[in-house]
Structures are given as C-alpha cells and as structure tokens.
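Engineer: Provided herewith is a single structure, encoded as structure tokens, for subsequent inquiry.
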Amino acid sequence: MNSKLTHVDKKGRPRMVGIGKKTSTSRSALAEARIFFPEAVAVALRAEGMHSAKGPVIDTAIIAGTMAVKRTHELIPFCHPMAIDGCRFDVEFVSGAELVIRCEVAITHKTGVEMEALTGASIAALTVYDMCKALSHEIVIGEIRLLDKRGGKRTVKAGRVRK
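Note that the numbering used here numbers the sequence shown so that position 3 is 5, with each residue one more than the last.
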C-alpha cells in the first residue's frame with residue numbers, strides 16, 4: 003500500500019499532482035457498480051425490455067455514464083482534464099435482481115483513468131435508479147469498485163495492487 007497521499011503537499015494542504023514530467027503511455031481502467039432491484043421490479047423491467055416510463059433505462063444510463071467520464075475533471079477537484087480515447091459499457095443482470103454496470107475507459111496520457119471509469123459506472127448506476135425510482139425506492143446501488151487498471155506505475159486487478 004502506498005503510504006503517501008499524492009494530493010497533499012508537505013504542509014498538509016490539498017494540491018493537484020503535477021504530471022508535466024511524466025511520459026504518456028497507454029492506460030486503461032475498468033470499474034463496476036452493482037444495482038439490486040426488488041424482485042418484482044426486476045421482473046417488470048425485464049418484461050418491458052428495460053424500459054421505464056422515462057424511456058430506455060440502459061441506453062440512457064450508458065449515455066449519462068459516457069458524459070460523466072468526459073466530465074470527471076469538472077466533478078472531482080484534482081482530476082486532470084483529458085481527451086478520452088475510448089469508453090465502453092457492459093450492462094447485464096447477473097442474477098434475477100442484480101444488475102452490474104461495467105465501465106472501461108482507455109487513454110494515452112500521463113495519468114490514469116481509474117477515476118473516470120469509477121465516475122462513469124457511478125453515474126450510470128444513479129441514472130438507472132432515476133429511471134426506475136417510480137417503480138420502487140427500495141432499489142439499492144451497492145458496491146462501486148475498480149476492477150482493473152493498466153499502465154502507469156501500478157497495475158490493479160480486482161482490487162489488488164501490483165507494482
């Protein structure tokens with residue numbers, strides 16, 4: 003585990019990490035968010051082809067997640083603005099009532115895109131909730147986590163860091 007916080011200076015003040023001297027490399031990150039529906043809501047959504055009164059749930063979530071990936075730097079203070087090379091979402095029911103949203107982001111840059119992938123998965127999950135809340139307020143957004151990070155100093159696979 004890295005024992006030094008990179009967004010804090012020697013005096014304990016917040017700061018943005020300088021990346022000017024770093025080398026641009028190919029980097030990617032994969033994050034996921036899990037959504038748990040009451041069984042009756044999951045059945046109703048599947049019967050309606052994942053459409054709610056507000057429209058196509060999954061398509062809207064993917065669009066919102068993609069917009070969030072591109073605007074992460076506007077939401078999280080010390081994230082750098084970046085031109086994203088690629089962004090992909092996979093959305094699937096992994097059980098009768100559990101939906102998993104995975105967001106994969108790729109870039110060639112001096113810093114990683116794990117925050118972008120986590121933001122994309124999070125906002126897509128929040129959009130699913132918004133699209134479906136008329137059916138139930140018992141929908142739960144569960145674990146949001148980084149699954150994979152490649153490029154840069156460290157590689158992460160399913161929550162485990164390797165140098």
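Glycine residues also receive a C-beta, built at the ideal position from the N, C-alpha and C atoms.
#1: Pop quiz: Ala33 and Ala123 are said to be a contact at Cβ under 8 Å. What is the actual Cβ separation, rounded to whole angstroms?
#2: Secondary structure at Leu128, three-state DSSP: helix, strand or coil?
#3: Tell me the rounded alpha-carbon separation between Leu120 and Asp92.
#4: Let me see if you follow: with CB-CB separation under 9 Å, is Arg147 close to chain B or not?
#5: Looking at Gly98 and Val45, is the spacing between their C-beta atoms short of 9 Å?
#6: Determine the closest residue to Ala35 out of Lys72, Lys56, Lys151, Ala127, with distance taken between C-alpha atoms.
#7: How many Å lie between Val130 and Ile60 at the Cα?
#8: Could you check the C-alpha separation between Ser54 and Arg15 for me, to the nearest Å?
#9: Can you name, in chain order, every residue of its own chain whose Cβ lies under 6 Å from the Cβ of Lys155, other than the five neighbours on each side?
#10: Is it true that the CB of Phe38 sits closer than 9 Å to the CB of Glu100?
#11: Using three-state DSSP, classify Val10 as helix, strand or coil.
#12: If you scan the segment 35-74 from start to end, which runs of the alpha helix (DSSP H) of 4 or more residues do you find wholly inside it?
#13: From Val163 to Arg152, what distance separates their C-alpha atoms?
#14: Enumerate in chain order the residues of its own chain whose CB-to-CB distance from Thr62 is below 8 Å, with the five nearest sequence positions on each side excluded.
Structural biologist: Put simply:
#1: 4 Å
#2: helix
#3: 14 Å
#4: Annotation note: the requested chain B is absent from the structure, which comprises a single protein chain.
#5: yes
#6: Nearest to Ala35 by C-alpha distance, out of Lys72, Lys56, Lys151, Ala127, is Ala127.
#7: A straight line joining the alpha-carbon of Val130 with that of Ile60 spans about 7 Å.
#8: 46 Å
#9: none
#10: yes
#11: Reduced to three states, the DSSP call for Val10 is strand.
#12: 41-49, 59-72
#13: Any reading at Val163 must be qualified, since the residue scores a pLDDT of 49, below 50, and its modelled position is unreliable; the value itself is stated next. So the two alpha carbons sit approximately 11 Å from each other.
#14: Correct list, in chain order: Lys56, Thr129, Met133.
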